[in-house]
Each structure stands twice: as C-alpha cells, then as structure tokens.
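Encoded as structure tokens, the structure appears first; notes follow it.
Residue numbers (the numbering used here): 213 to 281.
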C-alpha cells in the first residue's frame, strides 16, 4: 500500500488532491494535509497515485509500506 506524503514547502494549495481523493487529502490554510484515517483502513492506492500525478507542484509523493522507516 502506498503511504502518501505532502511536502508543504512545495504545496500551493490547488486542491486537486482533495478533489481526487477526499478521503486521503484535505486543504487547510492553503496547503494540502492528510486526512486522519480513523477507520483503520489504508488509503486507496489508486487514489493516492492519481492525486500525486495531478499535483502541479509535485508536492505529493508516496512510498510503499515496505519502504517506510
């Protein structure tokens, strides 16, 4: 499963990620933030990849669980 990350130094708050994956991303204070996963289910991998691809500032990245520290 991909683990999403947002680089707030790059994010301009366009909100494309939140439009594509509202269960994963939200926009506050003109920046994208991860939605807290309170239901215990991981983020949909396809949505995370689509949101990362749609970010015009390349502020969203993702790693596989196995790559996470």
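Beta carbons are placed, not taken as given, at the ideal position from N, Cα and C, and that holds for glycine.
Only residues of its own chain outside the window of five on either side were considered, and among them 268 have a CB closer than 7 Å to the CB of residue 226, listed in chain order. Of the other Cβ atoms in all chains shown, fewer than 16 fall within 10 Å of the Cβ of residue 270; this residue is therefore exposed. In the three-state DSSP reduction, residue 262 falls in the helix class (H, G or I).
Residue environment analysis places residue 216 among the buried positions, since at least 16 neighbouring C-beta atoms fall within 10 angstroms of its C-beta. Residue 214 sits in a strand when the DSSP states are folded into three classes. Here the alpha carbon of residue 244 sits roughly 20 Å from the alpha carbon of residue 213.
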